[in-house]
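Number of protein chains: 2
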Amino acid sequence: MSEQNIFDNQEFFDYYRALRNNPMSANNVVEKPALFSLAPDLKGKTVLDLGCGYGEHCVGFLNLGAAKVVGIDISEKMLEVAKNENSAPGIEYLNISMTDISEITEKFDVVFSSLAVHYIEDFDKLVKDVCNILNDGGYFVFSQEHSLTTALTTEDYWTKDADDEILHYNLTTYTQEGERKVSWFVNGIVKYHRTFSTIINTLTGAGFKLEQMLEPVPSEDIMNQIPNYKRYIHKPDFLFVKVRK
Amino acid sequence: MSEQNIFDNQEFFDYYRALRNNPMSANNVVEKPALFSLAPDLKGKTVLDLGCGYGEHCVGFLNLGAAKVVGIDISEKMLEVAKNENSAPGIEYLNISMTDISEITEKFDVVFSSLAVHYIEDFDKLVKDVCNILNDGGYFVFSQEHSLTTALTTEDYWTKDADDEILHYNLTTYTQEGERKVSWFVNGIVKYHRTFSTIINTLTGAGFKLEQMLEPVPSEDIMNQIPNYKRYIHKPDFLFVKVRK
Chain U
445 MSEQNIFDNQ
455 EFFDYYRALR
465 NNPMSANNVV
475 EKPALFSLAP
485 DLKGKTVLDL
495 GCGYGEHCVG
505 FLNLGAAKVV
515 GIDISEKMLE
525 VAKNENSAPG
535 IEYLNISMTD
545 ISEITEKFDV
555 VFSSLAVHYI
565 EDFDKLVKDV
575 CNILNDGGYF
585 VFSQEHSLTT
595 ALTTEDYWTK
605 DADDEILHYN
615 LTTYTQEGER
625 KVSWFVNGIV
635 KYHRTFSTII
645 NTLTGAGFKL
655 EQMLEPVPSE
665 DIMNQIPNYK
675 RYIHKPDFLF
685 VKVRK
Chain W
445 MSEQNIFDNQ
455 EFFDYYRALR
465 NNPMSANNVV
475 EKPALFSLAP
485 DLKGKTVLDL
495 GCGYGEHCVG
505 FLNLGAAKVV
515 GIDISEKMLE
525 VAKNENSAPG
535 IEYLNISMTD
545 ISEITEKFDV
555 VFSSLAVHYI
565 EDFDKLVKDV
575 CNILNDGGYF
585 VFSQEHSLTT
595 ALTTEDYWTK
605 DADDEILHYN
615 LTTYTQEGER
625 KVSWFVNGIV
635 KYHRTFSTII
645 NTLTGAGFKL
655 EQMLEPVPSE
665 DIMNQIPNYK
675 RYIHKPDFLF
685 VKVRK
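Keeping their order, the protein sequence lines are chains U and W. Read in order, the letters of the first sequence correspond to residues 445 to 689 in the working numbering. Read in order, the letters of the second sequence correspond to residues 445 to 689 in the working numbering.
Quick look at the structure:
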């Protein structure tokens, strides 16, 4: 089964591009720095980026000394941007779904994935596929929407007071895993909710050794600049995991 | 620094004893089965139980074949019950705080702790002390109040509708770790909130290998018998971790 290819939906694509181009987006001030903080030494290493999107991270991995970077994505539109804006000798972009990486015969030293695995229904298969495609001692570093985010089925995330100050995060159905249909720019985005322990147990069950996790929040300085980011006091947006084969 | 000895408070002690004696308490239908499901083979092993309370688990470890069980607790009142009701050749009860286990010179094969570590301020020290007291290849298996529970500073846990049905869990200040003063039977219970990632990183940072985690919920049958347990749909009460030295 293939994941949903929402990024080839023109309306979604346009909204998402505008979001990512905002230098103060959560992707730019929280997600990207945290992901790179978990990168092992990439000098001379081969890197695979699952769901590489615009290829920004691929360029980053190359700049950190990677010998070769392969970025794959299910969306042709995203790869078009990647090829136009983030091409370099040493980077190859392939239009392959994350669910089909068992078809790649090459092995890699490090597999990254940024904010993509929550679109994948069969996490167990993905983790085993990543384990198979890694050289011994290789690393898998990924971020995903936090389990406290993927749990929700409604857009009614926050309870606020009359002054629009957040009182609490409206957590629902955290222990019930599976498909979630949500609206994000467009209707009908399909994600998969997994609890913290399922994520951990799937990784250790496949033989990975857990090295580090992150649930980062913006700096106090940035929270003061962008009042909406005060939500991070109550709930992180992203979850990061670094495991080793 | 020693943890709070709330269990020697007579009022709290009496309330807690009544709770634990209820066969349908969350301790009995969720916590205890989950903890024992994570037990490694105990045949011929030496076991240390941190915060052993009434000693019920110590008897359980002995019944699973443990050669020797040492239960420690900061509360003399709890140990009095343990000695009266759960004594057996092979079990020793000691009035020692979990914060002082570095004073114990003996080593153990397995360290258990049931619902106690969230009362400990310095988790990093505790984890290192446990690692030191374990034989190589030994296991540390513990449960604690779930991070989604320890996060809260108020008793206003749930938002309900007019029919008393739960709408959501009111999650607050999850990303802000540290002391929480809460009311539970009595006022001023002091607990320490740590995020999921801090718990994991502290364990892996001390050299432990993470084997399994659990966030259990009651069976559907029990949820139907006890409507209040439908809250587990939204949030687990307990978090379990099994790591190996």
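Positions of the beta carbon are idealized from the N, C-alpha and C atoms, including for glycine.
- Within the DSSP bridge table, the entry for residue 623/W names 636/W as partners.
- Taking all protein chains in view, the Cβ of residue 517/U is crowded by 16 or more other Cβ atoms within 10 Å, so the residue is classified as buried.
- Within chain W, the residues whose beta carbon sits less than 7 Å from that of residue 676/U are 619, listed in sequence order.
- Annotated three-state conformation of residue 469/W is coil, per DSSP.
- In the DSSP assignment, residue 657/W falls within the beta strand (DSSP E) that extends over 653 to 658.
- Per DSSP, residue 612/U is one residue of the beta strand (DSSP E) stretching across 610 to 615.
- Ranking 528/U, 572/U, 502/U, 554/U by CA distance to the CA of residue 489/U puts 554/U first.
- Around the beta carbon of residue 671/W, a 10 Å sphere encloses fewer than 16 other beta carbons of the protein chains shown; the residue is thus reported as exposed.
- In this structure, the alpha-carbon of residue 602/U lies about 11 Å from that of residue 593/U.
- By the 16-neighbour rule on beta-carbons within 10 angstroms, residue 530/W is buried.
- Among the residues facing chain W, residue 644/U is included, as its CB has a counterpart in that chain under 8 Å away.
- Following the DSSP letters along the chain, one finds residue 604/U inside the beta strand (DSSP E) bounded by residues 602 to 604.
- No residue range can be given for residue 530/W, since it is assigned to no beta strand (DSSP E) and is classified by DSSP as neither H nor E.
- At least one C-beta of chain W is nearer than 8 Å to the C-beta of residue 659/U.
- Residues 594, 595, 621, 624 of the same chain have their beta carbon placed closer than 6 Å to that of residue 637/U, with the five preceding and five following residues left out of the count.
- Residue 507/W is classed as exposed because its beta carbon has fewer than 16 other beta carbons within 10 Å across all chains shown.
- Rounded to whole angstroms, the Cβ separation of residue 550/U and residue 619/W is 39 Å, and the two are not in contact under 8 Å.
- At least 8 Å separates the CB of residue 662/W from every CB of chain U.
- Looking at the backbone, the Cα of residue 536/U and that of residue 496/U are separated by about 11 Å.
- Looking at the DSSP output, residue 682/W sits in a beta bridge with 589/W.
- Per DSSP, the unbroken alpha helix (DSSP H) holding residue 476/U starts and ends at 476 to 481.
- Across the set 565/W, 483/W, 453/W, the C-alpha of 453/W shows the shortest separation from the C-alpha of residue 520/W.
- Taking all protein chains shown into account, residue 579/U has fewer than 16 neighbouring C-beta atoms within 10 Å of its C-beta and is therefore exposed.
- Counting the other CB atoms within 10 Å of its CB gives residue 655/U a total of 16 or more, which places it among the buried residues.
- Per DSSP, the beta bridge partners of residue 538/W are 516/W.
- By the criterion of a C-beta distance shorter than 7 Å, residue 461/U is surrounded by no residue of its chain, once the five residues flanking it on both sides are discounted.
- Per the C-alpha coordinates, the member of 581/W, 635/W, 610/W, 628/W positioned closest to residue 566/W is 635/W.
- Assigned with DSSP and collapsed to three states, residue 570/W falls in helix.
- Residue 576/W sits in a helix when the DSSP states are folded into three classes.
- Scanning chain U for C-beta atoms nearer than 9 Å to the C-beta of residue 653/W yields 648, 653, 654, reported in chain order.
- When beta bridges are read from the DSSP output, residue 583/W appears opposite 554/W, 688/W.
- Contact residues of the stretch 589 to 612 of chain U toward chain W are 592, 603, 611, 612 (C-beta to C-beta distance below 8 Å).
- Take residue 449/U, set aside five residues on each side of it, and the residues of its chain with a beta-carbon closer than 7 Å to its own are 518, 519, in chain order.
- In terms of CA proximity to residue 499/W, 539/W leads the group 470/W, 539/W, 467/W, 468/W.
- 574/W is the residue among 532/W, 574/W, 522/W whose C-alpha sits nearest the C-alpha of residue 542/W.
- The residues 621, in chain order, have a CB closer than 7 Å to that of residue 642/U in the same chain once the five nearest residues on each side in sequence are set aside.
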